[in-house]
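First up is the structure itself, then whatever we jot down about it.
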């Protein structure tokens, strides 16, 4: 479904990604791990189209993003959505919750997700259904972001992320700014949604345990280079790259 | 335990008082409200025609028929003050509104689109900012010729920059925040992001900037009129009235004190309101 081919990216003279390639199948989730500054978030931004790549190709469903422009690009983009790390910053503080949730649906009036088809013209009802999907009460619809907790806000961000029924949801460290108990809830929610919608996740994190829990496959980034890629079950295999082993050991020590 | 509770209550109560109750802003608001009210009902309450010269009564002391006396042409000072506020406040309102309407869109575009448009706007702003705004206003108004309309153009030209820059700086810090990125990923057009997401973020800072600026605009307008570049005689305008009273400064200082006080009160009221708004809306950048 998603093919990332020999992608390179640099800011000014700093090379951030070098020759990164990986593939994802429909319904399969890939975990991307690496330390801070390894280029994980840049991969996320490139895939959702927030940054332009310097070299290489990103192909989603057989469509090369770089070859498209204008409305066609817009149409292709809706299959990839994103959930960010900081839930407080990812919602406009001046907008009510429900307006943030339905914004993508307003931008793509032609998209009619199955679970919304009876209420497609009623923004608030759509937002209500989406809120229930992420396990929040409808009473939050008219609130502002500052009236919600971090975990609730992250659920709202996820509701916005799934509103267009994307094929791929990029999660850029979605739990790392939350309490441990809330982290578990969010992970469970993501697991449930994956089963319900058959979405793939590109799950970016520096936490080995959550990635292993969430994803079938894991890729390891080190200083912009993809050093290792394997099935989650093979994490402890002897054939792992030495850097992966280092990360595993560090995680086990904690 | 009890004392601690009492202390806590008292401290939170006093904080409540300091934070919510803004006597100075209230005074400013009442002051401006009275002046605006006088401006609106002015034509119906003035005792004399502000344009009628009466040489027999020139430089008269305050009396029942002339509450604040008369000027060097025998015109009623009180009537001229009240009618003159229409000019001063009206022009200020037009100038500030125009400046906001120019500054916000340019700042939004400059900050969000960036690139060459941004560089062009900012180099232009640097050019305007290189000179003190008052000197620049004198130069522009002098170049265009003395009239109220040209005065307005001059003030708008020197004032739009600060609004554009404030809006641009807010946009620059907001555009990289995740909610803007999420909106872009969610398919929002540039127009939608600017109008729906960025515009609401800049409104309260601009509002504060504008209220604090009203005083300065009034000062510039009055100063230019004082220099003869704005309102032309016999039009009553506070700055021009100051100029009219100047030759009599040593003998009858009231001729300058009255319009001076009027300017002072409006500027003071606006600044008090502006500072109150700034605290209330929690705007830190201005």
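Protein chains in written order, with our numbering: chain A, 86 to 339; chain B, 25 to 310. Think of the CB as a built atom: it goes at the ideal place given N, C-alpha and C, for glycine as much as any other residue.
(message) For a quick check, are the C-beta atoms of residue 167 of chain A and residue 292 of chain A less than 8 Å apart?
(response) no
(message) Pop quiz: residue 250 of chain A and residue 198 of chain A are said to be a contact at Cβ under 8 Å. What is the actual Cβ separation, rounded to whole angstroms?
(response) 4 Å
(message) So the candidates are A:337, A:287 and A:236; which of them puts its Cα closest to the Cα of residue 269 of chain A?
(response) If we check each option's Cα against that of residue 269 of chain A, A:236 comes out closest.
(message) Spatial neighbours of residue 91 of chain A within its chain, please: C-beta separation below 6 Å, excluding the five flanking residues on both sides.
(response) 104, 106 and 141
(request) Please name the residue, chosen from B:245, B:307, B:302 and B:292, that lies closest to residue 59 of chain B on a Cα-to-Cα basis. (result) B:292
(message) Buried or exposed for residue 332 of chain A, going by 16 or more other Cβ atoms inside 10 Å?
(response) buried
(request) Could you work out which residues of chain A lie near residue 304 of chain B, taking near to mean beta carbons separated by less than 9 Å? (result) Those within 9 Å of residue 304 of chain B in chain A number zero; the least Cβ separation is about 16 Å.
(message) For residue 163 of chain B, which residues in the same chain have their Cβ closer than 7 Å to its Cβ, ignoring the five residues on either side in sequence?
(response) Non-local C-beta neighbours of residue 163 of chain B in its own chain, meaning closer than 7 Å and more than five positions away in sequence, are absent.
(request) Work out the CA separation of residue 259 of chain A and residue 101 of chain A for me, nearest whole Å. (result) 22 Å
(message) Just to confirm my understanding: we take residue 86 of chain B, look at its own chain, exclude 5 residues before and 5 after, and list those with CB closer than 7 Å. What are they?
(response) 92 and 93
(message) Taking the alpha carbon of residue 114 of chain A as the reference point, which residue from A:174, A:323, A:338 and A:297 has its own alpha carbon closest?
(response) A:297
(request) Sort out for me which residues DSSP pairs residue 94 of chain B with in a bridge. (result) B:100
(message) I'd like the list of long-range same chain contacts for residue 136 of chain B, defined as Cβ closer than 8 Å, with 5 residues on each side in sequence excluded.
(response) 195, 199, 214, 217, 218 and 222
(message) Looking at residue 287 of chain A: is its Cβ nearer than 8 Å to the Cβ of residue 253 of chain A?
(response) yes
(request) Could you tell me the distance, in whole angstroms, from the CA atom of residue 152 of chain B to the CA atom of residue 279 of chain B? (result) Between the C-alpha atoms of residue 152 of chain B and residue 279 of chain B there is a straight-line separation of about 36 Å.
(request) Return yes when the Cβ of residue 226 of chain A is within less than 8 Å of the Cβ of residue 246 of chain A, no when it is not. (result) Taking 8 Å as the Cβ cut-off, residue 246 of chain A and residue 226 of chain A do not qualify as a contacting pair.
(message) For residue 46 of chain B and residue 179 of chain A, what's the separation of their Cα atoms in angstroms?
(response) Near 25 Å, if we compare the C-alpha coordinates of residue 179 of chain A and residue 46 of chain B.
(request) Can you have a look at residue 265 of chain B and say buried or exposed, based on whether 16 or more other CB atoms are within 10 angstroms of its CB? (result) buried
(message) To the nearest angstrom, how far is the alpha carbon of residue 183 of chain A from that of residue 228 of chain A?
(response) 8 Å
(message) I believe residue 170 of chain B touches residue 253 of chain B by the beta-carbon criterion, under 8 Å. Please report the beta-carbon distance rounded to the nearest angstrom.
(response) 5 Å
(request) Can you grab the Cα-Cα spacing for the pair residue 156 of chain B / residue 283 of chain B, in whole Å? (result) In this structure, the alpha-carbon of residue 156 of chain B lies about 25 Å from that of residue 283 of chain B.
(request) Mark residue 265 of chain A as exposed unless 16 or more other C-beta atoms lie within 10 angstroms of its C-beta, in which case mark it buried. (result) Classification for residue 265 of chain A: exposed.
(message) According to DSSP, simplified to helix, strand and coil, what is residue 196 of chain A?
(response) Three-state DSSP puts residue 196 of chain A in coil, outside helix and strand.
(request) State the Cα-Cα distance for the pair residue 277 of chain A and residue 310 of chain A, rounded to the nearest angstrom. (result) Straight across, the Cα-Cα distance linking residue 277 of chain A with residue 310 of chain A is about 32 Å.
(message) Using CA atoms only, rank isn't needed, just tell me which of B:225, B:231 and B:116 is closest to residue 197 of chain B.
(response) B:225
(request) Measure how close the beta-carbons of residue 230 of chain B and residue 128 of chain B come, nearest whole angstrom, since I'm counting them as under 8 Å. (result) 6 Å
(message) What does the Cβ neighbour count give for residue 155 of chain A, buried or exposed, with the cut at 16 atoms within 10 Å?
(response) Exposed, since its Cβ has fewer than 16 Cβ neighbours within 10 Å.
(request) Buried or exposed for residue 34 of chain B, please, with buried defined as at least 16 other CB atoms from any protein chain shown within 10 angstroms of its CB. (result) Caution applies to residue 34 of chain B, whose pLDDT of 49 falls short of 50 and renders its modelled position unreliable; the value that the coordinates give is listed next. Exposed, because fewer than 16 other Cβ atoms sit within 10 Å of the Cβ of residue 34 of chain B.
(message) Under DSSP, the beta strand (DSSP E) around residue 117 of chain A begins and ends at which residues?
(response) 115-118
(request) Measure the C-alpha to C-alpha separation of residue 290 of chain B and residue 114 of chain B and round it to an integer number of angstroms. (result) 13 Å
(request) Within the same chain, show all residues whose beta-carbon is closer than 8 Å to that of residue 272 of chain A, passing over the 5 residues directly before and after it, in chain order. (result) 260, 295, 298 and 299
(request) Answer yes or no: does any C-beta atom of chain A fall closer than 8 Å to that of residue 136 of chain B? (result) It does not; no Cβ of chain A falls within 8 Å.
(request) Quick one: list the residues of chain A neighbouring residue 203 of chain B, beta-carbon separation under 7 Å, in chain order. (result) Result: 174, 175, 176 and 177.
(message) Taking the straight line between their C-alpha atoms, what separation do you get for residue 153 of chain A and residue 144 of chain A?
(response) 11 Å
(request) Please go through the same chain and pick out, in chain order, the residues whose beta-carbon is closer than 8 Å to the beta-carbon of residue 203 of chain A, but skip the five residues on each side of it. (result) Around residue 203 of chain A: no qualifying Cβ.
(request) Over the uninterrupted beta strand (DSSP E) stretch that includes residue 256 of chain A, give me the two end residues. (result) 253-257
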